[in-house]
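Under the numbering used here, the first residue of the sequence shown is numbered 280, with each subsequent residue one higher.
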Amino acid sequence: MNLLKNLSKWFSCLCILWVLIVAAPTLHADEVVVTSRGVAGDMDSENRDPVLSVGRNATPENVKLLVDAYIENNEYKNYPIKFEFFVNRNLILAQIRSPELPGPIGIDIPPTTATMPFNYTVSACMIHPNQSFCTVINGAADGTDDKVSYNCTLTLMEATGDVDEDEDAIGGETTDYSAEGVTLENQGVNSYAFSFTAKTEDHAKEATITGTLKVEDQNATSLITVKTSDETDPVEASGTAVTEDDRLSSFKVSDDDETLNLSCKRSE
Numbered sequence: 280m281n282l283l284k285n286l287s288k289w290f291s292c293l294c295i296l297w298v299l300i301v302a303a304p305t306l307h308a309d310e311v312v313v314t315s316r317g318v319a320g321d322m323d324s325e326n327r328d329p330v331l332s333v334g335r336n337a338t339p340e341n342v343k344l345l346v347d348a349y350i351e352n353n354e355y356k357n358y359p360i361k362f363e364f365f366v367n368r369n370l371i372l373a374q375i376r377s378p379e380l381p382g383p384i385g386i387d388i389p390p391t392t393a394t395m396p397f398n399y400t401v402s403a404c405m406i407h408p409n410q411s412f413c414t415v416i417n418g419a420a421d422g423t424d425d426k427v428s429y430n431c432t433l434t435l436m437e438a439t440g441d442v443d444e445d446e447d448a449i450g451g452e453t454t455d456y457s458a459e460g461v462t463l464e465n466q467g468v469n470s471y472a473f474s475f476t477a478k479t480e481d482h483a484k485e486a487t488i489t490g491t492l493k494v495e496d497q498n499a500t501s502l503i504t505v506k507t508s509d510e511t512d513p514v515e516a517s518g519t520a521v522t523e524d525d526r527l528s529s530f531k532v533s534d535d536d537e538t539l540n541l542s543c544k545r546s547e
């Protein structure tokens with residue numbers, strides 16, 4: 280009798296698992312995934328705002344979003360989370376997920392809803408009788424996620440401590456770090472984020488570069504953080520950008536004293 284009960288429970292669990300697998304949205308392996316917490320860079324000090332992940336797969340015909348979230352604070356982790364999806368600032372879907380009904384939430388955005396390129400926003404808010412803690416992620420879709428990559432070179436001038444007679448310039452030597460296949464993550468219209476590792480030609484040195492890029496007409500501005508042996512503070516850089524066929528073709532930015540230069544060109 281116990282054996283039959285165990286088999287019955289096992290079969291029921293298997294059926295539930297099969298339903299979840301069949302019902303779950305399918306995204307390709309080349310999807311772009313962004314994870315964040317908080318709103319506009321501000322995060323709750325007690326970790327009550329949801330940790331939100333948004334996976335995006337864009338093709339010329341369709342966009343799929345797959346989102347999931349959880350709350351790190353143990354006292355609040357069992358409260359429901361409300362997800363809202365906006366396309367071009369318009370609310371197109373809202374769903375509430377409770378601990379009793381877990382799992383990611385998927386949404387298709389067909390051309391009948393919005394034609395690419397378009398902006399989207401996903402918000403996840405914890406539902407509480409007296410408080411509200413939210414996380415917001417913005418993005419953009421242009422149907423080219425799996426096709427565009429860049430070859431980038433970072434040039435750093437390392438000071439040697441030599442100062443000229445007027446004490447206006449510091450001597451130094453330059454080091455080039457290069458990387459291929461760099462991808463830019465869309466953060467909005469003409470706004471991007473990047474993170475990649477580059478090496479010197481002899482692979483003796485390595486640098487990790489993260490930052491953001493904003494393009495307006497032919498002008499580019501960037502906030503760049505470089506980690507070699509020691510991590511540097513974010514550096515503001517500016518320069519030029521080239522756009523072809525409504526796509527970013529290349530950009531080159533440097534800081535005010537040109538001790539940091541970053542140039543990227545789209546791979547052919």
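The beta carbon of each residue, even a glycine, is placed where N, CA and C say it ideally should be.
Throw me the rounded Cβ distance for the residue i and residue j pair, which I believe falls under 8 Å.
i    : j    : result
K361 : I375 : 5 Å
L539 : L463 : Not really, about 18 Å apart at Cβ, beyond 8 Å.
Y399 : V346 : Incorrect: roughly 11 Å between the Cβ atoms, too far for contact.
L492 : F473 : 7 Å
P378 : N352 : Between N352 and P378 the Cβ distance is about 14 Å, and since that is not below 8 Å, they are no contact.
A419 : P396 : 6 Å
Does DSSP put residue i in a helix, in a strand, or in coil?
i    : result
D323 : coil
S377 : coil
M436 : strand
S546 : coil
D425 : For D425, the predicted model reports a pLDDT of 48, less than 50, meaning its position is unreliable and no value from the coordinates is stated.
G460 : strand
K493 : strand
K356 : coil
I350 : coil
A477 : strand
D328 : coil
N409 : coil
G451 : strand
Per DSSP, residue i is paired with what?
i    : result
S533 : S517, N540
D512 : In the DSSP output, where bridge partners are listed per residue, D512 has none listed.
E363 : A373, S402
D387 : K343
A337 : V342
R368 : In the DSSP output, where bridge partners are listed per residue, R368 has none listed.
T500 : K493, S517
N417 : T400
Within a Cβ cutoff of 7 Å, which residues of the same chain sit near residue i, ignoring the five residues on either side of it in sequence?
i    : result
S315 : L331, T414, I416
Given residue i, which residues of its chain have a CB within under 8 Å of its CB, disregarding the five upstream and five downstream residues?
i    : result
E480 : D455, S457
Spatial neighbours of residue i within its chain, please: C-beta separation below 6 Å, excluding the five flanking residues on both sides.
i    : result
T487 : T476, K506
D424 : Note on D424: pLDDT 48, under 50, position unreliable in the model; no value is reported.
S453 : Note on identity: in this sequence residue 453 is Thr, with Ser being the wrong assignment. Within the same chain, T453 has close Cβ partners T434, M436.
T489 : S474, T504
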